[in-house]
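Read the structure below first, then the notes.
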Amino acid sequence: MRTTASILHLDLDAFFAAVEQRDKPSLQGKPVCVGGTGHRGVVSTASYEARVYGARSAMPTAQARRLCPAGTAFLSPRFGAYSRSSQAVMGLLHELSPVVQQVSVDEAYVDLAAAGIELTLEDVTARVRRLLDDIPGATGGLTASAGVASSKMLAKIASDLEKPAGLVVVPPGHELDVLGPLPVRAIGGIGPATATRLRTFGVESVADLQRMGEADLVSIFGDSHGRGIYRLARAQDDRAVETEREAKSVSAEETFEVDVTDPRVLAAELATMSTRVTSRLAEGSAFARTVTIKVRQHDFTTSTRSATLPHPTGEPEVIRATAQRLLDAVDVSDGLRLLGVGVSGFTTHAQEQFLFDDEPDGGPVEADVAPVTPAPLLRSSQGWAPGADVRHDELGAGWVWGRGLGRVTVRFEGPGTPPGPVRTFAADDPALHPADPPDWT
Numbered sequence: 036m037r038t039t040a041s042i043l044h045l046d047l048d049a050f051f052a053a054v055e056q057r058d059k060p061s062l063q064g065k066p067v068c069v070g071g072t073g074h075r076g077v078v079s080t081a082s083y084e085a086r087v088y089g090a091r092s093a094m095p096t097a098q099a100r101r102l103c104p105a106g107t108a109f110l111s112p113r114f115g116a117y118s119r120s121s122q123a124v125m126g127l128l129h130e131l132s133p134v135v136q137q138v139s140v141d142e143a144y145v146d147l148a149a150a151g152i153e154l155t156l157e158d159v160t161a162r163v164r165r166l167l168d169d170i171p172g173a174t175g176g177l178t179a180s181a182g183v184a185s186s187k188m189l190a191k192i193a194s195d196l197e198k199p200a201g202l203v204v205v206p207p208g209h210e211l212d213v214l215g216p217l218p219v220r221a222i223g224g225i226g227p228a229t230a231t232r233l234r235t236f237g238v239e240s241v242a243d244l245q246r247m248g249e250a251d252l253v254s255i256f257g258d259s260h261g262r263g264i265y266r267l268a269r270a271q272d273d274r275a276v277e278t279e280r281e282a283k284s285v286s287a288e289e290t291f292e293v294d295v296t297d298p299r300v301l302a303a304e305l306a307t308m309s310t311r312v313t314s315r316l317a318e319g320s321a322f323a324r325t326v327t328i329k330v331r332q333h334d335f336t337t338s339t340r341s342a343t344l345p346h347p348t349g350e351p352e353v354i355r356a357t358a359q360r361l362l363d364a365v366d367v368s369d370g371l372r373l374l375g376v377g378v379s380g381f382t383t384h385a386q387e388q389f390l391f392d393d394e395p396d397g398g399p400v401e402a403d404v405a406p407v408t409p410a411p412l413l414r415s416s417q418g419w420a421p422g423a424d425v426r427h428d429e430l431g432a433g434w435v436w437g438r439g440l441g442r443v444t445v446r447f448e449g450p451g452t453p454p455g456p457v458r459t460f461a462a463d464d465p466a467l468h469p470a471d472p473p474d475w476t
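If you count the sequence shown from 1, position 28 lands on 63 in my numbering, and the numbers rise without skipping.
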């Protein structure tokens, strides 16, 4: 195990919601929930003002609406805006150290041993504090929290202890002191089911877990899981910060506002998601051999179907056609709540010319699949999405404040401006256009 606090975990605070509050001055200091805005949507991020009322990530949007007061903003995600802000922060991390592992758009690990700084507690604390102080200026006011420890697990736990804008450095030798009082769910790999099982043995905290023997945990959870829990409860985590992580799959999915039975709508959704998946393959210069669809029926029954191609592909039409054949075998007469497409089995080459010479998994890839005619999509982005960036030919930049009954309401403001005026237009007003995210610099 490492003997120095040399692993940094950085986590941007309420990231999606904070970006929305930065770009929309009228929302600063007010509750904001970002995610699916329909009655089947799920909250992705809740601002700290919304968390006061009980809203949180992964909560159904309908429940968050019941908890939060009138005036709470429920917005659709703007991934372009989040990506630009993320890149600014990741740039600062790469200036700090050449060894950075970005694990999501709003968090990353940094190996401070490669940063060329003294690994004393004083020097590490001062350097990371300077990093946190630099982030608001680089992002237009966003904040982050950080944890520094001798392992990735402890660093991640520490970054969550004093949010927002907090910094916790765990001195080497004090790892068990920090872990002990925490609930067992703080340990990576212990989910709700494992925690419930541990509770039957009187184990609530990590300190309780530390008193259990390895043999006991193995007998309860099996060799691999039991030994893993035993080690992590004792802060035995020697995982390295990895600058590159090999993706095992790429996928896209859509949860519908209402159950969808129309095959044309589902076919159009497959085409859209296949294009998104292929685009992500191209970004990684990869090709895939296995195509998988995920379906969730009206009664929440969820299943997957897969087909393995004779040769890897990077063509959206091949992925779409394969996904369509898989979907054709699914009974959709009662409606689907969710549809997804994924690919796996990556390689760095493709052999498209041979694709249709074989019949994998019981039939040709494009067996009797007619060309797709796009149909109207039943999703929350129908019309103008709440929170979307727009531009009016005369009034300038703004964002969608509300919509309905053939109208769209826009608030004209942006980063650095005062809260702006609100105007309502016909939803098809030719002077109103979608826009790129505003520049906060």
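Don't be surprised by glycine CBs; every beta carbon is placed ideally from N, CA and C.
Host alpha helix (DSSP H) of residue i (start-end)
| i | result |
| --- | --- |
| E55 | 50-58 |
| S259 | 258-268 |
| G172 | 156-174 |
| A230 | 227-234 |
| R101 | 96-102 |
Cβ-based neighbour list, residue i, same chain, cut-off 8 Å, excluding 5 preceding and 5 following
| i | result |
| --- | --- |
| G25 | Since the first and last residues shown for the chain are 36 and 476, residue 25 lies out of range. |
| P171 | L177, T178 |
| P218 | A230, E239, S240, V241 |
| L127 | L166, D169, I170, A173 |
| G439 | none |
| S373 | Reading off the sequence, residue 373 comes out as Leu, not Ser. These residues qualify, in order along the chain: E288, E289, T290, F291, K329, V330, R331, T337. |
| A275 | D146 |
Endpoints, beta strand (DSSP E) assigned at residue i
| i | result |
| --- | --- |
| L43 | 42-47 |
| L440 | Counting along the chain, L440 falls outside any beta strand (DSSP E), and DSSP gives it neither H nor E. |
| S132 | Premise fails: S132 is in no beta strand (DSSP E) and is neither H nor E. |
| I192 | First-last for I192: 187-194, but that is the alpha helix (DSSP H), not the beta strand (DSSP E). |
| A143 | 142-146 |
| V203 | 202-204 |
| D424 | 424-427 |
| S368 | Run containing S368: none; DSSP gives neither H nor E here. |
| Q332 | 322-332 |
C-alpha gap between residue i and residue j, whole angstroms
| i | j | result |
| --- | --- | --- |
| P133 | L43 | 13 Å |
| D48 | V78 | 15 Å |
| R340 | R360 | 10 Å |
| T459 | R299 | 33 Å |
| F114 | G106 | 23 Å |
| G397 | V365 | Residue confidence for G397 is low, a pLDDT of 30 falling below 50, so the modelled location carries little weight and cannot support an answer. |
| A410 | A303 | Because the pLDDT at A410 is just 32, under 50, the model does not fix this residue reliably, and the value given afterwards should be weighed accordingly. Each residue's alpha carbon lies about 6 Å from the other. |
| L305 | G201 | 43 Å |
| L131 | A116 | 24 Å |
| S416 | I255 | Any reading at S416 is ruled out, since the residue's pLDDT is 35, under 50, leaving its predicted position unreliable. |
| E153 | V135 | 18 Å |
| V138 | Q98 | 29 Å |
| G433 | E288 | 29 Å |
Close Cβ partners of residue i (< 7 Å) along its chain, the five nearest in sequence each way excluded
| i | result |
| --- | --- |
| A461 | G441, R442 |
| S286 | V312, G375, V376, G377 |
| I222 | V241, I264, L267, A268 |
| G89 | L102 |
| A358 | L305, S309, V326, I328, V376 |
Three-way DSSP call (helix, strand, coil) for residue i in this model
| i | result |
| --- | --- |
| S240 | strand |
| E277 | coil |
| Y88 | coil |
| K65 | coil |
| D212 | helix |
| F291 | strand |
| S9 | Missing from the structure shown is residue 9; the chain here goes from 36 to 476 and no further. |
| P351 | helix |
| P453 | coil |
| D363 | helix |
| G76 | coil |
| A149 | helix |
| D464 | coil |
| G115 | helix |
Own chain partners of residue i with C-beta closer than 6 Å, once the 5 adjacent residues on each side are dropped
| i | result |
| --- | --- |
| L371 | V295, V330 |
| G261 | L252, V253 |
| T382 | F322, P347 |
| E210 | L189, A270 |
| R315 | V285 |
Beta-carbon proximity of residue i to residue j, cut-off 8 Å
| i | j | result |
| --- | --- | --- |
| T80 | S120 | no |
| R75 | T231 | no |
| A40 | V293 | no |
| L467 | F447 | no |
| W436 | D58 | no |
| H333 | D369 | yes |
| G455 | S111 | no |
| P207 | S186 | no |
| G71 | T96 | yes |
| A108 | V67 | yes |
| L45 | A123 | no |
beta-carbon residue i near the ligand NAD non-hydrogen atom, thresh 7 Å
| i | result |
| --- | --- |
| R234 | No copy of the ligand NAD occurs in the structure displayed, which carries no ligand at all. |
Chain B within 8 Å of residue i, Cβ atoms only
| i | result |
| --- | --- |
| P456 | Absence of chain B from the displayed structure is noted, only one protein chain being present. |
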